[in-house]
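Asks: Just so you know, the UniProt record's numbering puts 147 at position 147 of the sequence shown, and the rest follows in order with no gaps.
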Amino acid sequence: MIHLNISLKEIQIDSTRKEITQLYCLFFLFHSTALLLLFISTASHGPRSCKKSWTPSLCSLLFSLGFIWAIRYKTGIERHSEKMLEREREDSSLLAKCVEELKRKGVEFDLLKEVDALRRAKSLRVGSGPVRKWSPRDFGILFLFIVSCLVLGLTRTILCS
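1) Nearest to W69 by CA position, among F27, D91, L94, is which residue?
2) Please state if the CB of I2 and the CB of K74 are separated by a distance shorter than 8 Å.
3) How many angstroms separate the CA atom of C98 from the CA atom of H80?
4) Exposed or buried, what is L144 when buried is set at 16 or more other beta-carbons lying within 10 Å of its beta-carbon?
5) Output needed for K9: all residues of its chain with C-beta closer than 8 Å, excluding positions within five of it in sequence on either side, in chain order.
6) Excluding sequence positions up to five away, which residues of its chain have a Cβ less than 6 Å from the Cβ of I77?
7) Could you work out which residue in S148, S93, G106 is closest to L29 when comparing CA atoms only?
8) At 4 residues or longer, and completely inside the segment 47-114: list those alpha helix (DSSP H) runs for me, N to C.
9) Could you check what DSSP says for S135 in three-state terms: helix, strand or coil?
10) Quick one: measure Cβ to Cβ for L38 and P56, integer angstroms, because I've assumed they're closer than 8 Å.
11) Cβ atoms of F67 and L23: under 8 Å apart, would you say?
12) Is I158 closer than 8 Å to S92 when the C-beta atoms are compared?
13) Grab me the residues of I13's own chain with a C-beta within less than 8 Å of its C-beta, minus the 5 sequence neighbours each way, in chain order.
14) Would residue 167 and L142 qualify as a contact pair, given that the criterion is a beta-carbon distance under 8 Å?
15) Quick check: is the beta carbon of L152 nearer than 8 Å to any beta carbon in chain C?
16) Between the C-alpha atoms of F63 and T33, what's the straight-line distance to the nearest angstrom?
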């Protein structure tokens, strides 16, 4: 049963990572398409499109923030699933220790005593962890934010040149 839970968590983490990759691809696909359409439209309209440059800039900004929020949300789900997977693996190893102890002691094995000892050991491990620092996932989000800012500048440059 525990091995089934572990495999389900691993499948959930894999699907979340695929969704994150899809969101990254959609982010770049959206911006490349938007910039291409802007470039084509300014070739036909000329300088008067500079007055309305706030519309595509605002749309680009809103979509960028939406993508960044979705990616941030999915990375949070991934992080939580990884913690749950680690907990399941710990439970599996603790259960294996209990079974080994049961095999070794035989009739003298006291399940309540062993479970209490395992709970105490587990509660001692749970504590305040270190302060969360920047992770590679956060640098990916920062990179997307920088790309979004560059696209805003490019939008203005394309429309007003």
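Beta carbons: idealized from backbone N, C-alpha and C, even for Gly. Keep in mind the model is a prediction, meaning the values are calculated, not measured.
Replies: Looking at the atomic coordinates:
1) Along the sequence shown, read from residue 1 onward, the residue named residue 69 stands at position 69. Of F27, D91, L94, the residue nearest in Cα terms is F27.
2) Numbered from its first residue, the sequence shown carries residue 74 at position 74. Numbered from its first residue, the sequence shown carries residue 2 at position 2. No. Outside cutoff.
3) By 1-based counting over the sequence shown, the position of residue 98 is 98. By 1-based counting over the sequence shown, the position of residue 80 is 80. Annotation: C98 to H80 spans about 27 Å, alpha carbon to alpha carbon.
4) Taking the first residue of the sequence shown as position 1, residue 144 is located at position 144. Per the 10 Å Cβ criterion, buried.
5) Walking along the sequence shown from the start, residue 9 turns up at place 9. Closer than 8 Å at Cβ, skipping near neighbours: S81, M84, L85, E88.
6) Locating residue 77 in the sequence shown gives position 77, counting from the first residue. T16, listed in sequence order.
7) For the purposes of this step, residue 29 is taken as the residue at position 29 of the sequence shown. Closest by C-alpha distance to L29, out of S148, S93, G106, is S148.
8) Counting whole runs of 4 or more residues, the segment 47-114 contains the alpha helix (DSSP H) stretches 54-105.
9) Position 135 of the sequence shown, counted from the start, is the residue given in the question as residue 135. It is coil, neither helix nor strand.
10) Here residue 38 is taken as the residue at index 38 of the sequence shown, counted from 1. Here residue 56 is taken as the residue at index 56 of the sequence shown, counted from 1. Confirmed, Cβ separation roughly 6 Å.
11) For this step, residue 23 is matched to residue 23 along the sequence shown. For this step, residue 67 is matched to residue 67 along the sequence shown. Closer than 8 Å, so yes.
12) Position 92 of the sequence shown holds residue 92. Position 158 of the sequence shown holds residue 158. No; because the gap between Cβ atoms is not below 8 Å, this pair is not in contact.
13) Indexing the sequence shown from 1 puts residue 13 at position 13. Within its own chain, the residues whose Cβ lies closer than 8 Å to the Cβ of I13, once the five positions on either side in sequence are excluded, are E78, S81, E82, L85, listed in chain order.
14) A question about residue 167 goes unanswered here, because the residues of the chain that appear run from 1 up to 161.
15) The structure shown has no chain C; it contains just one protein chain.
16) To locate residue 63, count along the sequence shown from 1; it is residue 63. To locate residue 33, count along the sequence shown from 1; it is residue 33. Cα to Cα, F63 sits roughly 13 Å from T33.
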